[in-house]
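Each remark here refers to the structure printed beneath this line.
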Amino acid sequence: MNLKDYIKSYFQRVGWIPPIINLVCFITPIVFLQNSSFSEKEKILLYLGIIGFIYLVNYISFIFFLTKKSFQRKKYVQR
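Using the numbering used here, the letters of the sequence shown correspond one by one to residues 260 to 338.
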């Protein structure tokens, strides 16, 4: 399976919600924190927290994708 097929199959199984959450989580803090009165240290901590949230969403969606794929393999083996 090449990369294009893998990405297409990922979006068919997981959906478009994780990439949309990623875009919102990248754009929103940039706009919000640029116009805020937080100190530089607070801005860095907020950025790190947001990056951690994005990582968590991606990790969960990837595990969901792999789990769904393994269930389908088990069905084929049982038949």
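C-beta atoms are modelled at their ideal positions from N, C-alpha and C, and glycine is treated no differently. Model, not experiment: these values are computed from the prediction.
Just how far apart, CA to CA, sit valine 273 and lysine 267? 10 Å
Counting C-beta neighbours from all protein chains within 10 Å, is the total for serine 320 16 or more, i.e. buried, or is it exposed? buried
DSSP three-state label for phenylalanine 291, please. helix
Given isoleucine 279, which residues of its chain have a CB within under 6 Å of its CB, disregarding the five upstream and five downstream residues? Taken in chain order, the list of residues that qualify is empty.
If you draw a straight line from the alpha carbon of lysine 323 to that of leucine 304, how long is it in whole angstroms? The question names lysine, but residue 323 is phenylalanine in the sequence shown. Each residue's alpha carbon lies about 29 Å from the other.
Just checking my contact of asparagine 281 with isoleucine 313 at CB under 8 Å: how many whole Å lie between their CB atoms? Right, their Cβ atoms sit about 6 Å apart.
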